[in-house]
Amino acid sequence: EELGLPTSRYKFASTFEEFKAAVEEIGLPCVIKPIMSSSGHGQSVARKPEDIERSWHISQEGGRAGAGRVIVEGFVDFDYEITLLTVRSCSGTTYCEPVGHIQVDGDYRYSWQPQPMTSNALNRAREIARKITDALGGYGIFGVELFIKGDDVIFSEVSPRPHDTGMVTMISQDLSEFGLHARALLGLPVPAIRFYGPSASRAIVVEGDTDKVEFENLEQVLAEPGVQIRIFGKPEVKGHRRMGVILATDESVEAARAKAERAYNALKVNVLPR
Ligand SMILES: Nc1ncnc2c1ncn2[C@@H]1O[C@H](COP(=O)(O)OP(=O)(O)O)[C@@H](O)[C@H]1O
Ligand SMILES: [Mg+2]
69 EELGLPTSRY KFASTFEEFK AAVEEIGLPC VIKPIMSSSG HGQSVARKPE
119 DIERSWHISQ EGGRAGAGRV IVEGFVDFDY EITLLTVRSC SGTTYCEPVG
169 HIQVDGDYRY SWQPQPMTSN ALNRAREIAR KITDALGGYG IFGVELFIKG
219 DDVIFSEVSP RPHDTGMVTM ISQDLSEFGL HARALLGLPV PAIRFYGPSA
269 SRAIVVEGDT DKVEFENLEQ VLAEPGVQIR IFGKPEVKGH RRMGVILATD
319 ESVEAARAKA ERAYNALKVN VLPR
């Protein structure tokens, strides 16, 4: 609001009554999110009047801080969405190549770099990222999430830290988003970021109720050149949880995405009983 950034229409609500009024005002379809959440937990889209009550219940059960306040956002019919990783360091502000991504139920599944963009859209995206990160201040990496429609860029949200979709930088750059964050916040210079070339990531999402997950067939997963896997070592899964990521690099974004998908399909995940 202070910076006048273009966003979806939105309204906050704390009770079911306020929520219904907010949906009425914003209109359908709209996106409902608990204000404290992550990875899409508690988030839903209401498309028809029958969805409204269901969306309220989802928001009250899925958030990170328990039941409470939600934001109701007008649904943005974007062409594609990006994360513009923006680094503020003693060297000034620098941007990574734009990260394109696909979310399923508000949870990231695929990301790639660079997302092809018109120069107008890219300039606009950098302008917005610059405004919001300058206003927040401090050193470190920010994940500026933007929706793109034609040459229009709409601000969605910002993480004051590395971003899940930015894990692709673990294979695409000389300094990953984590390395950049550490460098910047330690007060060290970030004179340049070397981008190696088209790359992709594929999240490994495991479903079930278990504290024993096994990953098998890594010989096949890692058989092609330019493929890596990271397993996060999270202790358990209840419902669904992102447990690792596959990274791939190739001649083009399409080839990198296809390679990451081949590696993912070769991975065997065993969910054992507790
Ligand atoms: N207003 C909206 N219109 C259309 N899609 C949206 C909207 N808000 C969120 N989304 C979709 O849901 C995803 C997750 O929403 P986001 O607010 O980024 O939640 P999180 O904090 O879990 O990342 C977005 O990346 C986008 O794909
Ligand atoms: Mg997000």
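In the working numbering, the protein residues as written are 69 to 342.
Here a beta-carbon is modelled for each residue, glycine too, at the ideal position from N, C-alpha and C.
Does at least one heavy atom of ligand 2 sit under 7 angstroms from the Cβ of Glu-121? no
Only counting the same chain, and skipping five residues up and downstream in sequence, which positions put a Cβ closer than 6 angstroms to that of Gln-183? Ile-150, Pro-166, Gly-168
Inter-residue Cα distance where the pair is Pro-303 and Asp-219: 43 angstroms
Are there any heavy atoms of ligand 1 lying less than 7 angstroms away from the beta-carbon of Phe-300, as far as the coordinates show? no
Tell me the residue span of the alpha helix (DSSP H) that contains Gln-288. 286–289
Length of the line joining the Cα atoms of Ile-272 and Cys-164: 24 angstroms
Please determine, among Val-339, Ile-314, Val-258, the residue with the shortest C-alpha to C-alpha distance to Thr-278. Val-339
Lys-101 burial status per 10 Å Cβ neighbour count (16 or more: buried): buried
State the Cα-Cα distance for the pair Gly-208 and Glu-70, rounded to the nearest angstrom. 22 angstroms
May I ask you to check if the CB of Glu-141 is nearer than 7 angstroms to at least one heavy atom of ligand 2? no
Should the segment 139–154 be regarded as contacting the segment 170–185, the criterion being three or more beta carbon pairs within less than 8 angstroms? yes
Reference Arg-198; option with closest CA among Leu-152, Arg-77, Ala-328: Leu-152
So, helix, strand or coil for Arg-192, using DSSP? helix
Helix or strand or just coil, what does DSSP make of Met-185? coil
Going along the chain, which residues of its own chain have a beta-carbon closer than 6 angstroms to the beta-carbon of Ser-127, five neighbours each way excluded? Ile-100, Pro-102, Gly-110, Val-138
Going by the C-beta, is Gly-108 closer than 7 angstroms to any heavy atom of ligand 1? yes
On the CB-based measure, 16 or more other CB atoms within 10 Å of its CB, does Met-235 come out buried or exposed? buried
Check: Glu-225 C-beta below 7 angstroms from any heavy atom of ligand 2: yes
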